[in-house]
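The opening residue of the sequence shown carries number 1 in full-length UniProt numbering; numbering runs sequentially from there.
Working notes, structure below.
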Amino acid sequence: MEIAKDDKGKAKLSLVPVQIIRDIAVVREYGTKKYHSPDNWKKVELQRYIDAFYRHWLSFIEDNHSKDAESGIEHYKHMACNMAFICELMKEGRK
Numbered sequence: 001m002e003i004a005k006d007d008k009g010k011a012k013l014s015l016v017p018v019q020i021i022r023d024i025a026v027v028r029e030y031g032t033k034k035y036h037s038p039d040n041w042k043k044v045e046l047q048r049y050i051d052a053f054y055r056h057w058l059s060f061i062e063d064n065h066s067k068d069a070e071s072g073i074e075h076y077k078h079m080a081c082n083m084a085f086i087c088e089l090m091k092e093g094r095k
């Protein structure tokens with residue numbers, strides 16, 4: 001017997017490719033060590049993440065296998081993390 005559950009209006013998170021979560025986690029682990037806080041990203045203004053996304057995107061366009069010189073992490077992983085930050089800050093109404 002199946003119990004009724006109302007999932008209307010809820011995002012089906014199983015549709016999100018798992019690899020992007022892993023990629024973001026790699027960048028988050030690096031950032032947490034670098035800035036000594038898992039929440040430091042919340043104190044940064046939105047425009048800085050937009051600019052960082054753009055920088056990593058340009059590097060990715062030039063060479064889609066390239067890595068960030070400082071972190072040694074692929075630019076596309078930084079792009080995913082920056083976009084996650086942008087989405088979260090936009091949800092909070094940051095400008």
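A virtual CB, placed ideally from N, CA and C, is assigned to each residue, including glycine.
Margin query: Would M79 and H56 qualify as a contact pair, given that the criterion is a beta-carbon distance under 8 Å?
Written below: Taking the first residue of the sequence shown as 1, we reach residue 79 at position 79. Taking the first residue of the sequence shown as 1, we reach residue 56 at position 56. Cβ distance < 8 Å, so M79 and H56 count as in contact.
Check: What residue does the alpha helix (DSSP H) around I21 start on, and which one ends it?
Finding: Reading the sequence shown from its first residue, position 21 is the one you call residue 21. First-last of the alpha helix (DSSP H) with I21: 18 to 35.
Next item on the list: Report all residues from its chain with a CB closer than 8 Å to the CB of D68; omit the five preceding and five following residues, and keep chain order.
Entry: To locate residue 68, count along the sequence shown from 1; it is residue 68. Excluding positions up to five away in sequence, the list reads H56, S59, E74, H75, H78.
Note to self: Is the beta carbon of F53 closer than 8 Å to that of I86?
What the structure shows: Against the sequence shown, residue 86 aligns to sequence position 86. Against the sequence shown, residue 53 aligns to sequence position 53. Yes; because the gap between Cβ atoms is below 8 Å, this pair is in contact.
Next item on the list: Mind reading off the beta-carbon distance from C81 to V27? Whole number of angstroms is fine, and I expect it under 8 Å.
Entry: What you label residue 81 is simply residue 81 of the sequence shown in a count that begins at 1. What you label residue 27 is simply residue 27 of the sequence shown in a count that begins at 1. About 4 Å separates the two Cβ atoms, so the contact holds.
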